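> I have a structure here, written as structure tokens, and I will follow up with some questions on it.
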Amino acid sequence: MNESRVLATPAVQGALGVFGGTFDPLHIAHLRLAIEAREALLLTSVVFVPAGNPPLREAPQASPQQRLAMVARVLAGVSGFALDATEVVTRSPSYTVTTLERLRAQHGAARPLVLLMGADAFARLPAWHRWQELLHLAHIGVATRPGQPAALLPATALARQSDNTITTDAEKKPQMLGADDTVDRVEVHLADVLTERFGRPADISSAPAGRIVPFTITPLAISATMIRQRLAQGLSVRHLVPDTVLDYIETHSIY
Ligand code: ATP
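Numbers 7 to 261, taken from the numbering used here, label the letters of the sequence shown in order.
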């Protein structure tokens, strides 16, 4: 074999999962989502991106540095998972589109990027800054979440995961919502407007961006809100959060 030819072949990098969240605090459903996304969507690795200053919600209870520290402690030394501290360190509003632009520049035009989120977050997508641009930068992997209506993960999309006949154009832009769309109509639109974008896990490797890929994860009716509430009531959250997170919360008297 001609070794120089082998060395000249560009390294093929697998799909990278990008998992943003407030992580106030990180809990086991976050971790299961990342693990099961990696398996279901055949991701090489998943990078966690704690939001520094999330614009669409009340200020988190834990400071950005504390939320970052909790995620860092859990991910330390775990292969297949990485931490991106940029949103916390820069302290500007945490816009996912900005993060994806940065990661796209870092990883090159060809590498598939998959923005990971739960079905509740996907349902609110039209409220995100420059949301129509997200699919030009990455695929979106949408995990099932208990209590979240399945309407936004259309049966057609889930069925397509076993249907080999999809031929939609991955480069086609999603239609935009009209300026007069009311909040009530947004959910209906999101499913309708983006239906042509739904695809299967196998579609991820064939384009760097552009598909919405629903996937099913172990249903865990856990939220950070519920964990904060339990802590505020003096109730145990052991095994709802990793032990390292619980130690950190107790040591620093957060929540
Ligand atoms: P909060 O209760 O404070 O809103 P959260 O538990 O929803 O927090 P976030 O940090 O806001 O956690 O979520 C980060 C991402 O993880 C979001 O995309 C969210 O949909 C997803 N996620 C969180 N919990 C679950 C769960 N139990 N099942 C599926 N996805 C989840």
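Glycine included, each C-beta is placed from N, C-alpha and C at the ideal position.
Only a predicted model underlies this, so the values are computations on that prediction, with no experimental measurement involved.
1. In terms of residue numbering, what span does the beta strand (DSSP E) encompassing P56 cover?
2. Suppose you measure from the CA of P180 to the CA of L200; what does that come to, to the nearest Å?
3. My assumption, with CB atoms under 8 Å, is that A149 sits in contact with G124. Please give the rounded CB distance.
4. Inspect the beta-carbon positions of A91 and P56 and report whether they are closer than 9 Å.
5. Determine the direct distance from the alpha carbon of Q71 to that of G95, and round the result to whole angstroms.
6. Hey, L131 and L119 are a contact pair by Cβ (cut 8 Å); roughly how many whole angstroms apart?
7. Assuming F221 and L47 make a contact with CB atoms under 8 Å, what is their CB distance in whole Å?
8. Could you name the residues of the same chain whose beta carbon sits closer than 8 Å to that of P207, not counting the 5 residues immediately before and after it, in chain order?
9. Going by DSSP, what residue range makes up the beta strand (DSSP E) through P220?
10. Using the Cβ count rule (16 or more neighbours within 10 Å means buried), how would you classify K178?
11. Nearer than 8 Å: is that true of the beta carbon of R36 relative to any heavy atom of the ligand ATP?
12. Just how far apart, CA to CA, sit S69 and H36?
On the basis of the supplied data:
1. L49 to P56
2. Note that P180 scores a pLDDT of 36, beneath 50, so its modelled location is shaky; the value from the coordinates is reported in the next line. If I take the Cα positions, the gap works out to 6 Å.
3. 5 Å
4. yes
5. For clarity, residue 95 is Val in the given sequence; the question names Gly instead. Taking the straight line joining both Cα atoms gives about 8 Å.
6. Rounded, the Cβ-Cβ distance is 16 Å, inconsistent with contact.
7. 6 Å
8. A46, L47, L48, Q167, V219 and F221
9. I218 to F221
10. For K178, the predicted structure reports a pLDDT of 34, less than 50, and the residue's modelled location is therefore unreliable. The matter cannot be settled from this model.
11. The amino acid occupying residue 36 in the given sequence is His; Arg does not appear at that position. Yes, the ligand ATP has a heavy atom inside 8 Å of this Cβ.
12. 19 Å
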